[in-house]
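Taking it in order: structure first as structure tokens, then the write-up.
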Amino acid sequence: QLKAFLSTPPNTAAYKVAVLENCHNLTVEAGNSLLKILEEPPAASICILTADSADNVLPTLVSRSQVYTLTALPTAMISEMLIKKKLPENQSWFLTGFSEGILGRALELLEDHDFWQQRQQMAMEIQELLARRRDPLLSSDNWQTFPDRALDFLEYWLRDMVRLQINQDYIPVNKDLQANLEECLANCPEDKSIALLDQCAQARERLQARCNPRLVFDCLALKMWEV
């Protein structure tokens, strides 16, 4: 389909442009198919490949491409723009950190009602799991409905906990939910916070390896519930 699209001459502009996102996830077979197009690109065509890092893209694709590294915007700039859009300062602080300096991601999440509901739910569930007031398998069922985002929320939460346990002057990304964080800190010692952060990274690797999401999140939630 891509080759057919690029092979037809452009009608309304000088070039036809194809944007291929997340090329770090391409299989070898898909990468080899794309390589054939990059080696002999149709006239008046441009392919833009995006990836989290050029190091994670098949070397043969990188060798046929011009590599541009895009840097994150300053946090103060993103936070200021979010505040101008009437987002409360504490929430703009969180969204600036969560979006990792990517303005487009921050603006997209700003309008995502599910995002804010899921975050509130995650904060409550983490708090109750660490206090052993919630069935961990219920949380697992919920997290499976938004797996990648659930792990993102959890990682930022655990990072805040670890850094606060090391440095009390640290300003957490989740500072708008300070009360929830403080109860979590009271129920979770530093060594457990660090271990859970490692478990979270392992869970992400297992999901990327196509492991059963139920087993992945059951294991993670049970680890959080354990004393």
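Residue numbers (the numbering used here): 21 to 247. Where a beta carbon is used, it is the ideal one built from N, C-alpha and C, also for glycine.
Other residues of its chain near residue i: CB distance less than 6 Å, five sequence neighbours each side excluded
i    : result
E203 : Q147
K36  : L26, P30 and S65
CA nearest to the CA of residue i, picked from the options
i    : options                   : result
S16  : E41, C67, E49 and Q164    : Outside the displayed span of the chain (21 to 247) sits residue 16, for which this structure offers no information.
L22  : L69, L216 and Q222        : L69
N42  : L78, D238 and E210        : L78
K105 : L81, L90 and L123         : L123
G51  : T89, S83, I191 and F118   : S83
K243 : H133, P156 and S99        : P156
W113 : I191, N207, L201 and N31  : I191
R154 : I57, E49, A241 and M97    : A241
W177 : Q188, N162, N194 and N187 : N194
Q86  : P94, A74 and T95          : A74
P61  : D189, N187, F25 and C231  : F25
M97  : Y88, T32 and L127         : L127
V215 : C231, M181, L40 and E145  : Residue identity check: residue 215 is Ala in the sequence provided, not Val. The shortest Cα separation from A215 among C231, M181, L40 and E145 belongs to M181.
Within 8 Å, strictly: CB atoms of residue i and residue j
i    : j    : result
L149 : R224 : no
A64  : A34  : yes
Q111 : D238 : no
R179 : L217 : yes
A143 : N200 : yes
Rounded separation between residue i and residue j - CA only
i    : j    : result
R183 : S213 : 10 Å
E210 : T47  : 39 Å
L130 : M101 : 11 Å
L174 : S160 : 12 Å
Q140 : R169 : 13 Å
Q185 : T116 : 22 Å
W245 : P167 : 19 Å
L81  : P29  : 24 Å
L107 : R125 : 15 Å
S99  : Q138 : 21 Å
Q219 : N187 : 22 Å
E120 : A38  : 26 Å
A229 : P94  : 34 Å
F118 : L54  : 32 Å
D132 : N162 : 18 Å
L158 : T89  : 41 Å
L40  : D189 : 42 Å
T32  : C231 : 46 Å
Cutoff 7 Å; reference residue i; Cβ partners in own chain excluding five residues on either side
i    : result
R152 : W245
A71  : N42, C43, H44 and V77
P233 : Q164, P167 and L227
K56  : none
I103 : E109 and S112
E49  : none
V236 : A223, R226 and L227
Beta-carbon contacts of residue i that lie in its chain and below 8 Å, excluding the five residues immediately before and after
i    : result
F135 : L129 and R169
E59  : R84
A221 : E175
Q198 : P192
| query | Curious, which full-length beta strand (DSSP E) runs of at least 3 residues does the segment 52-109 contain? | reply | 65-69
| message | My parser needs the alpha helix (DSSP H) runs of 4 or more residues fully inside the segment 168-235; what are they? | response | 198-207 and 210-228
| Curious, which full-length beta strand (DSSP E) runs of at least 3 residues does the segment 31-55 contain? | 36-40
| field | Those runs of the beta strand (DSSP E) which lie wholly inside the segment 131-160 and span at least 3 residues | value | none
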